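> Sending over a structure as structure tokens; questions will come in a sec.
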Amino acid sequence: MEDVLVVLKTGVTEALDKVPVHFQTTLRCVPNYVIFSDFEEEINGIKVHDAFRNMDPDVKGTVPDFSIYNRLVQLGRAGLETGDFADEANSAIGKPNNPGWKLDKWKFLPMVQETLRYKGDAKWYVFMEADTYYSWGTLLEWLSHFDASKPWYLGTETQIADVIFAHGGSGFAISNPAMQRVAKEYTERNVELNEYTDAHWAGDCVLGKVLADVGVPLHFSWPILQNTNIGELDEFTTAFYRRPWCFPAVAFHHLSARDVQDLSNFEQRRWREVFKELIYPNLSSYRDNWDNLSDEEHSEITTFDDCQTLCKDKSDCAQFSFRSGSCFTGRTPKLGTASSGARSGWAMKKIEEMMHEAPVCSSVEWGAA
């Protein structure tokens with residue numbers, strides 16, 4: 216990994232909770248990495264850099280989004296307020312009432328410049344967030360399918376309006392030539408791009424827009440880079456342009472510190488191994504206080520037992536969930552997540568048949584074509 220710089224983006228309100236686990240897991244064997252935040256400090260003896268230290272002071276002094284940043288500059292962590300830690304549910308437009316989230320969109324373009332100042336000779340720049348996990352051996356094998364001397368932008372495709380960009384939390388990779396183009400563009404169009412960022416709500420989209428403007432379109436990388444956690448994975452889906460089963464598992468998102476710790480033993484795996492070893496052993500005929508994210512509602516069913524019977528009788532039902540007085544079924548198995556009052560179950564024999572009938576992975580599909 217000598218030619219790769221890993222860039223971890225975080226924020227002051229989450230850093231102490233989410234970053235330390237990466238020092239023992241994700242970053243333990245990584246020779247080159249840098250951490251950027253909205254507050255310069257040390258965590259476990261590792262320096263966390265201020266992404267905004269060289270940014271236009273007029274923007275930092277006049278844009279309301281920088282209120283939390285300016286308090287941090289003046290008072291350090293003592294400047295944080297209770298409202299800064301508000302746990303707002305993620306919506307279609309993010310967390311617009313969370314001060315740290317509103318500031319986060321501003322990090323992406325300055326972070327590109329700061330990253331190049333930190334190490335300008337890397338071949339690849341691999342970006343992650345504090346709830347992202349990478350399988351490094353698999354990542355390096357994947358990157359070897361691309362010519363790093365050319366401008367590349369690799370990530371899980373997402374779209375806002377007419378901009379297609381890499382979803383930030385899923386992780387993304389940018390080659391050195393592409394990084395240089397972004398840094399040059401931000402220098403030359405600084406005022407315009409700051410105004411564009413101010414009017415937008417997603418920093419990863421802003422970065423994608425600039426990359427497109429400089430002639431570097433996104434190379435679609437789903438399902439290699441995942442935008443979900445383990446409980447939300449659907450390895451059997453055929454609803455998209457790729458079937459995840461035989462693709463390598465390079466990155467996960469929305470992970471807790473415990474999730475990161477559990478995944479640290481998984482290197483060079485495909486999604487089939489993740490399902491067989493992490494998900495399938497946790498499935499059962501029923502599970503209390505658990506929602507397996509079944510999404511097909513059957514409002515006429517009003518009891519758990521009837522919901523279970525419905526799934527048993529439906530040939531295409533792999534799982535079911537009874538929550539808030541309603542029955543839901545699903546065609547493919549997902550692990551799901553803890554949910555008070557919900558009850559879930561899986562059609563174990565059907566799932567065993569799905570695993571038996573799934574394609575044999577004779578070779579790894581890298582999605583580089």
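Under this note's numbering, the first residue of the sequence shown is numbered 216, with each subsequent residue one higher. Note that CB positions come from ideal geometry on N, CA and C, so glycine has one too. A quick note: this is a predicted structure, and the numbers were derived from the prediction, not measured.
#1: Find the nearest neighbour of Arg404 within the set Asp336, Leu324 and Phe451, judged by alpha-carbon distance.
#2: Let me know if Gly418 comes out buried or exposed under the rule of 16 or more other beta-carbons within 10 Å of its beta-carbon.
#3: Please report the straight-line C-alpha distance between Pro311 and Ile283, rounded to a whole angstrom.
#4: Would you list, in sequence order, the uninterrupted beta strand (DSSP E) runs of no fewer than 3 residues that lie entirely inside the stretch 220–281?
#5: Express the C-alpha separation of Ala533 and Ile566 in angstroms, rounding to a whole number.
#6: Going by DSSP in three states, Asp528 sits in which element: helix, strand or coil?
#7: Jot down the residue ranges of each uninterrupted alpha helix (DSSP H) in the stretch 512–571, minimum 4 residues, whole runs only, in chain order.
#8: Under 8 Å by Cβ, that's how I've got Gly383 and Glu447 pegged, so tell me the actual separation to the nearest angstrom.
#9: Can you have a look at Pro463 and say buried or exposed, based on whether 16 or more other CB atoms are within 10 angstroms of its CB?
#10: Decide yes or no for the touch test of the stretch 315–333 against the stretch 415–432: beta carbon pairs closer than 8 Å, at least 3 of them.
#11: For Phe387, does the count of other Cβ atoms within 10 angstroms reach 16, so buried, or fall short, so exposed?
#12: Do His264 and Glu329 have their CB atoms nearer than 9 Å?
#13: Following the continuous beta strand (DSSP E) through Phe380, name the residue where it begins and the one where it ends.
#14: Suppose you measure from the CA of Trp581 to the CA of His360; what does that come to, to the nearest Å?
#15: Taking all protein chains shown into account, do 16 or more other C-beta atoms lie within 10 angstroms of the C-beta of Lys320, making it buried, or fewer, making it exposed?
#16: Comparing alpha-carbon positions, which option in Ser500, Asn504, Thr240 and Phe380 lies nearest Ser554?
#17: Give every residue of the same chain whose Cβ lies closer than 7 Å to the Cβ of Pro235, excluding the five residues on either side of it in the sequence, and list them in chain order.
#18: Count the other CB atoms within 10 Å of the CB of Ser500; is the residue buried (16 or more) or exposed (fewer)?
Here's the rundown:
#1: Leu324
#2: That one is buried.
#3: 14 Å
#4: The beta strand (DSSP E) runs lying completely inside the stretch 220–281 and spanning 3 residues or more are 248–252, 256–258 and 261–265, given in chain order.
#5: 6 Å
#6: helix
#7: 519–528
#8: The Cβ separation is near 17 Å, so there is no contact.
#9: Label assigned to Pro463: buried.
#10: yes
#11: buried
#12: A contact, by the Cβ cut-off of 9 Å.
#13: Val378 to Ala381
#14: 8 Å
#15: buried
#16: Asn504
#17: These residues qualify, in order along the chain: Ile258 and Asn259.
#18: Ser500 is exposed by the Cβ-count criterion.
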